[in-house]
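Have a look at the structure below, then the notes.
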Amino acid sequence: MPAPAWIRGESVMRESVMRKVLVTGAAGFIGYHLCKRLLDSGDQVTGLDNLNHYYDVGLKQDRLKLLESLNGFTFVKASLEDRDELNQLFARESFDVVVNLAGQAGVRYSLQNPHAYIDSNIVGFMNVLEGCRHHGVRHLVYASSSSVYGASTRMPFSIHQNVDHPLSLYAATKKANELMAHTYSSLYGIATTGLRFFTVYGPWGRPDMAPFLFARAILEGKPIDVFNSGMMRRDFTYIDDIVEGVVRVVDKIPEANPDWNSDSPDPGTSYAPYRIYNIGNNKPVELLRFIELLEACIGKKAIKNLLPMQKGDVIATYADISDLMLDVSFKPSISIEEGVSRFIEWYREYYKV
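Be aware that the sequence shown starts at 24, since it is given in my numbering, and climbs by one per residue.
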């Protein structure tokens, strides 16, 4: 399988000038990988994170240590909800680009602690928008989620279809982020791009997500909870493909769509400088197949605890990435077999298993 274009040294529409980039959620899974990639490309990166206890802080700190060893990286410990701190940071640094990956993640956790999602994903995102508005940020790129498709069963999921029926508060806050971003693009001309990520996995992944939970349980000989008896399909997307997509989108500042029609409004574009993209592997995999691949790489069978469907969950995710391919010439290339193998290799090394 060929390496991604950026590894092969091919053009990815990269600007030659050094930019000042703010990455929020820098100690998180995607944030860590994105910061590293931007630094490798010569950008000056400020990483913001509050290092909360949603999952193992030690893993976040280890990611952060690696970033702090690289030239051009500065860490700021702060929360998006801290309006004064964020405003001072924007005023002090004059960022060219902001990539907002911070926020409260997790569908199931939103059933237990809904207020955390309003504080971080709504109030926090509002503060990011205000920082961009008042301090001349050229482009705001922010994390949305495939969960916004909610009750829709029309596959593959397209950015041009309606997403008005979320099934979790987490999904609702991500849809709200898209609406808030559009408002600021319309009112103030701020270029904003929302990225709907599809089931990201790989080295340095989140311990609360299925790949990590399954790998740990299989290695320890403990049962894994398999919801809907494994009859679910997910568009598992390897972290390197996610980051490559983000980098290309960062370089593609959105413009108004001249063909946008208010009589038949397109949800994925606008008369304002606003865009939405799916970033997914475009090849959904049944959960039981994913478990089989983990078993093969680990060399041990899983003990499956088959359970009914969870509230807020969906049967399948499947990304239509035609707009991503058209606008930034990118399509994920890392197969599920290769991705799982790389993830397990990292897991064994990191946890000395």
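Built from N, CA and C at the ideal position, the CB exists for glycine as well.
Return helix, strand or coil for residue i, following the three-state DSSP convention.
i	result
residue 276	coil
residue 36	Summary for residue 36: the model assigns pLDDT 45, below 50, so the residue's position carries little reliability; its value from the coordinates is reported in the next sentence. Residue 36: coil per DSSP, three-state reduction.
residue 48	coil
residue 262	helix
residue 216	strand
residue 374	coil
residue 150	helix
residue 26	Confidence at residue 26 is low in this model, with a pLDDT of 38, below 50, so the placement of that residue is unreliable and no value is reported for it.
residue 177	coil
residue 103	coil
residue 93	coil
residue 168	strand
residue 362	helix
residue 79	coil
residue 66	coil
residue 42	coil
residue 346	helix
residue 247	strand
residue 31	Legend: pLDDT at residue 31 = 33, less than 50; position of this residue unreliable, value from coordinates given subsequently. Helix, per DSSP.
residue 336	coil
residue 110	helix
residue 74	coil
Using CA coordinates, which residue listed in the options is at the minimum distance from residue i?
i	options	result
residue 296	179, 217, 117	217
residue 172	230, 343, 156	343
residue 361	118, 313, 283, 50	313
residue 200	145, 231, 238	145
residue 100	107, 60, 70	70
residue 213	119, 179, 264, 130	119
residue 195	298, 371, 177, 129	129
residue 49	187, 66, 96, 41	96
residue 169	311, 371, 375, 305	305
residue 234	209, 261, 210, 251	261
residue 46	78, 76, 107, 116	116
residue 57	136, 142, 165	165
residue 174	210, 188, 105, 163	188
residue 299	133, 202, 135	202
residue 192	131, 161, 222, 75	131
residue 333	248, 376, 272, 268	248
residue 280	356, 286, 293	293
residue 73	149, 259, 125, 161	125
residue 90	162, 284, 68	68
residue 55	349, 285, 371, 93	93
residue 109	155, 75, 138	155
residue 215	331, 121, 353	121
residue 76	139, 330, 290	139
residue 158	51, 206, 211	211
residue 98	106, 135, 51	51
residue 206	160, 153, 258, 231	153
Since residue i and residue j should fall inside the 8 Å C-beta cutoff, what is the C-beta to C-beta distance between them, to a whole number of angstroms?
i	j	result
residue 438	residue 276	Residue 438 cannot be examined here, being either before or after the span of the chain that is shown, 24 to 376.
residue 151	residue 103	6 Å
residue 256	residue 309	5 Å
residue 411	residue 321	Residue 411 lies beyond the range of the chain shown here (24 to 376); nothing can be said about it.
residue 270	residue 60	6 Å
residue 316	residue 363	4 Å
residue 268	residue 133	About 25 Å separates the two Cβ atoms, so there is no contact after all.
residue 63	residue 44	Wrong, their Cβ atoms sit about 13 Å apart, outside the cutoff.
residue 148	residue 185	The Cβ separation is near 22 Å, so there is no contact.
Is the closest heavy atom of the ligand ATP to the C-beta of residue i under 7 Å?
i	result
residue 360	With respect to small molecules bound, the structure shown includes none, and the ligand ATP cannot be examined in it.
Between the region 326–336 and the region 240–258, do at least 3 Cβ pairs fall closer than 8 Å?
Cβ pair count under 8 Å is three or more, so yes.
Enumerate, from N- to C-terminal direction, the unbroken beta strand (DSSP E) stretches of 3 or more residues contained entirely within the region 267–333.
Runs of the beta strand (DSSP E) inside the region 267–333: 297–302, 326–330.
Pairs of beta-carbons, one from the region 227–236 and one from the region 74–83, closer than 8 Å: are there three or more?
The region 74–83 and the region 227–236 touch, with three or more beta-carbon pairs separated by less than 8 Å.
Only counting runs of 4 or more residues, tell me where the alpha helix (DSSP H) segments fall wholly within the region 113–166, in order along the chain.
The alpha helix (DSSP H) runs of length 4 or more contained entirely in the region 113–166 are, from start to end of the chain, 132–135, 137–140, 148–157.
How about the region 179–186 and the region 330–344: do they share at least three Cβ pairs that are nearer than 8 Å?
With a cut-off of 8 Å on Cβ pairs, the region 179–186 is in contact with the region 330–344, counting three or more such pairs.
Examine the Cβ distances between the region 106–116 and the region 248–255 and report whether three or more of them are shorter than 8 Å.
Segments in contact, no.
Continuous alpha helix (DSSP H) assignments of at least 4 residues falling wholly in the region 183–243:
Taking only runs of at least 4 residues, the alpha helix (DSSP H) segments lying wholly in the region 183–243 are 192–211, 233–243.
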